[in-house]
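A.B. asks: Numbering (my numbering), first residue to last: 18 to 274. Backbone N, C-alpha and C fix where the C-beta goes; we use that ideal spot for every residue, glycine too. None of these values were measured; they are calculated from a predicted model.
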Amino acid sequence: MMKKKNVGIVFIVGALITCCGTIFSETEVLFSPEDSPTKRLLEELSSTKNKIYAAVYAITDKRISTKLIEAKKRGVDVQIVTDNGMAHSSFSKIKVLQSEGIPVWIFPKPLAPKPRVETKQPEGVNNGKPQLTSSEMNWAKYHEPIMHHKFALLDSKIWSGSFNWTVSAGRKNREDITFTDKQKVYERYEERFKKLKSDGYMFKVEPQVFVKKEPEKKQTTEEKPTVETPENKLEASVESSKPTTTDVQATPKSVAA
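1) Residue 219: which of 91, 206, 125, 188 sits nearest, CA to CA?
2) According to DSSP, simplified to helix, strand and coil, what is residue 100?
3) Within 10 angstroms of the Cβ of residue 84, are there 16 or more other Cβ atoms? Answer buried if so, exposed if not.
4) Answer yes or no: do residue 89 and residue 123 have a C-beta to C-beta separation smaller than 8 Å?
5) Would you mind working out which of 73, 95, 93 sits nearest residue 109, comparing C-alpha positions?
6) So, for residue 65: in the same chain, excluding its five sequence neighbours on each side, which residues have a beta-carbon less than 7 Å away from its beta-carbon?
7) On the three-state DSSP scale, how would you describe residue 53?
8) If residue 189 sits next to residue 50, beta carbons under 8 Å apart, how far is it from one beta carbon to the other, in whole angstroms?
9) Does the Cβ-Cβ distance between residue 179 and residue 193 come in under 8 Å?
10) Kindly indicate which three-state DSSP category residue 227 falls into: helix, strand or coil?
11) Can you tell which of 97, 211, 162 has the C-alpha that lies nearest to the C-alpha of residue 71?
12) Would you kindly report the start and end of the unbroken beta strand (DSSP E) that includes residue 195?
13) Quick one: Cα of residue 60 to Cα of residue 111, how far?
14) Looking at C-alpha atoms only, which residue of 174, 183, 95, 78 is the closest neighbour of residue 14?
15) Would you mind sorting residue 54 into buried or exposed? The rule is 16 or more other CB atoms within 10 Å of its CB.
16) From the DSSP output, in three-state form, read off residue 187 for me.
17) Indicate the three-state DSSP secondary structure (helix, strand or coil) for residue 71 in the structure shown.
18) When we look at the beta-carbon of residue 82 and count the other beta-carbons within 10 Å, is it buried (16 or more) or exposed?
19) Can you give the beta carbon distance from residue 184 to residue 52, rounded, assuming they're within the 8 Å contact cut?
20) Buried or exposed for residue 44, please, with buried defined as at least 16 other CB atoms from any protein chain shown within 10 angstroms of its CB.
21) Taking Cβ to Cβ, would you say residue 182 is nearer than 8 Å to residue 76?
22) When you compare only the Cα positions, how much space is there between residue 196 and residue 210?
23) What residues in its chain sit with their C-beta under 7 Å from that of residue 57, if we drop five residues either side in the sequence?
24) Return the first residue and the last residue of the beta strand (DSSP E) that residue 123 is part of.
25) For residue 100 and residue 207, what's the separation of their Cα atoms in angstroms?
26) Which partner residues does residue 218 have in the DSSP bridge list?
27) Here's the rule: buried if 16 or more other CB atoms are within 10 angstroms of the residue's CB, otherwise exposed. What is residue 69?
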């Protein structure tokens, strides 16, 4: 009888864990700056063992980018999704992360149409599709969506909130973070991350090509400057005193008869 009762308890507990996914789960709420969320994030990035999938609008804090690179080097699967505009910011660490082998996806995809091909199609049409004018392109870029998420899958936990990975977010801004391991919540964010990757494009930094400039060749025959000397002055005066020769036709003298 006791054995059946124990089996029943185990079955009920297992069913609750499977269905609800909330038993024994932990959820924390952090606020900046008083809860030092940057310090907590750095600790979590250092202790993560399997994966770091982050979709973050702005990544400019060097301390955070350093931890991501360290995680990559110790074998953690690190993947980043970020906003198209912020990725090209001069303060962004995206190019540094990409150069260290961390794959980065950019959202949204660029709106620029393909160059017009030589066809018999009417002007303003490219491969059967209307071609955007410059004014339409400017409008589209201004109204295009942005990737404004700030969440990360850290092994089996979710870090999410208003917290950008910037110095200001942790030091002076008023931000909120929810840190939880609830399975249902985790699965929703995992699906979202996959969708962002499929809707974006792989970010690649164009390698800089440095052309070595060949030194200019010096002329082998250089004209030496003329230096005035007493001998030069004497030769010049002699040449100038020589009479010029001209052809003179002699006229015959008249002979008196």
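C.D. replies: For this structure:
1) 125
2) strand
3) buried
4) no
5) 73
6) 88, 93, 171, 172
7) Of the three classes helix, strand and coil, the one that applies to residue 53 here is coil, per DSSP.
8) 6 Å
9) yes
10) The predicted position of residue 227 is uncertain, since its pLDDT is 47 and thus under 50; a value taken from the coordinates is nonetheless stated next. Residue 227: coil per DSSP, three-state reduction.
11) 97
12) 192–197
13) 21 Å
14) Look at the range of the chain in this structure, 18 to 274, and you will see that residue 14 is not part of it.
15) With 16 or more neighbouring CB atoms inside 10 Å of its own CB, residue 54 falls in the buried class.
16) helix
17) strand
18) buried
19) 16 Å between Cβ atoms; not a contact.
20) Exposed, since its Cβ has fewer than 16 Cβ neighbours within 10 Å.
21) yes
22) Approximately 17 Å between the Cα atoms of the pair.
23) 47
24) 121–124
25) One alpha carbon belongs to residue 100, the other to residue 207, and they sit about 18 Å apart.
26) Within the DSSP secondary-structure output, residue 218 pairs in a beta bridge with 123.
27) The residue is buried, with at least 16 neighbouring Cβ atoms inside 10 Å.
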